[in-house]
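This report concerns only the one structure given below.
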Amino acid sequence: KNPAPFSGYADFGRTQVISCSPERFVRVLDREVETRPIKGTRPRLSDPIADAGIAQLLLQSTKDRSENVMIVDLLRNDLSRVAEPASLKVTQLCGLEQYRFVWHLVSVVTARLGTGKTPAELLTAMFPGGSITGAPKIRAMEIIAELEPTARGPYCGSLGYWSFAGDMDTSILIRTVTACDGWWQVPVGGGIVAASDPHLEEQETWHKAEGILRAIDSLGNVSCDTMVSVLPH
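In my numbering, the protein residues as written are -18 to 214.
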């Protein structure tokens, strides 16, 4: 119903996490590091011409590109703490990627893990993902903690694997369902910057949720309560 490259499932007994995430948090493969932040979203349209048009509007959006570049700079800074000097590269900036229900702008930042540095130190330097905190990271997290009425739980965390060889791959837990005691939670949101239009940001949030909500609806015999929190960032 909602295919995604970083889908995952984790069962913690009482709680299950079902994720259809399109976003890689960080991967280590033979000490080569890659992170793929997403910033910039538009809905897919049924008419092919209109769909291509809205994709081009996203590519040309100064607001979305600026937001993406801001997060790329944040992640470059996080990575620089554990990367080999001069190994940091932005191999893709604001690339257009299509998914079943949305278009996204995706950037790719790579580096080589520094001598003596471990994947654990990499996670410490980068967690949580900059694309879901904003910048400056620490102050943004403090404001989120002050304003949001409930803890996020798994949402906006990470899910992945870590091999005995030192390789790992992790996602950002967006487009994610948390199931507990018969209740399913589907948290969704978006980044707010000075140029944001509140109405468009709300629309974007529903576009992001569409795939998961359709999948849940297809199960039948499911009733939904919606809680919308509008927070002044």
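Note that beta-carbon positions come from the ideal geometry of N, C-alpha and C, so glycine has one too.
Nearest-angstrom Cα separation, counted from Asp162 out to Thr72: 44 Å
Between the CA atoms of Ala160 and Thr(-4) - distance to the nearest angstrom: 6 Å
Proximity below 8 Å, CB of Leu60 to CB of Leu69: yes
Spatially closest choice to Ile197 from Ala175, Leu104 and Trp164, by CA coordinates: Trp164
Straight-line gap, Leu212 to Gly170 (C-alpha atoms, nearest Å): Confidence at Leu212 is low in this model, with a pLDDT of 38, below 50, so its placement is unreliable and no value can be given for it.
Segment limits, beta strand (DSSP E) that includes Lys70: Lys70 to Gln79
Segments of 3+ residues assigned as beta strand (DSSP E) that fall wholly inside the region 153 to 186: 157 to 161 and 164 to 166
His180 classed as buried or exposed, judged by whether at least 16 other C-beta atoms fall within 10 angstroms: exposed
Cβ-Cβ distance between Glu48 and Val174 below 8 Å: yes
Beta-carbon proximity check, Leu94 vs Val9, cutoff 8 Å: yes
Reduced DSSP secondary structure (H/G/I, E/B, other) of Ala(-15): coil
Per-residue DSSP class, three states only, for Leu40: helix
Beta-carbon contacts of Glu127 that lie in its chain and below 8 Å, excluding the five residues immediately before and after: none
Coil, strand or helix - Glu15 by DSSP: strand
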